[in-house]
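Notes follow the structure.
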Amino acid sequence: MAQREFCPNDNHGRSVVTVRFCPNCGEIVNGKIPIGTCSEEQHAKRRRTQSAYCVDCGRGLFRAR
Ligand SMILES: [Zn+2]
Ligand SMILES: [Zn+2]
Numbered sequence: 110m111a112q113r114e115f116c117p118n119d120n121h122g123r124s125v126v127t128v129r130f131c132p133n134c135g136e137i138v139n140g141k142i143p144i145g146t147c148s149e150e151q152h153a154k155r156r157r158t159q160s161a162y163c164v165d166c167g168r169g170l171f172r173a174r
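Numbering (the working numbering), first residue to last: 110 to 174.
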């Protein structure tokens, strides 16, 4: 088995991606977008949208800090 699971997020197939990181697997989908700086509040909001990773800074939202 490959280490990385198949990611169903459609950011990978798009030609225009407006986020740097994929919210599902945390991979960079658009390296031209600068890494964002987020507050814990923003990450808490993203958790509620069921994102596994922050699309701005790439941090895993459900991992231990
Ligand atoms: Zn992905
Ligand atoms: Zn973030």
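Beta carbons: idealized from backbone N, C-alpha and C, even for Gly.
Report yes if the C-beta distance between residue i and residue j is below 7 Å; otherwise report no.
{"i": "R155", "j": "L170", "result": "yes"}
{"i": "R123", "j": "I142", "result": "no"}
{"i": "C131", "j": "C147", "result": "no"}
{"i": "V126", "j": "V138", "result": "yes"}
For residue i, write down the residues that DSSP places opposite it in a beta bridge.
{"i": "G169", "result": "Y162"}
For residue i, does the three-state DSSP call read helix, strand or coil?
{"i": "C116", "result": "coil"}
For residue i, does the count of other Cβ atoms within 10 angstroms reach 16, so buried, or fall short, so exposed?
{"i": "G135", "result": "buried"}
{"i": "D119", "result": "exposed"}
Secondary structure, alpha helix (DSSP H): runs of 4+ residues fully inside the region 123-164: You should have 149-157.
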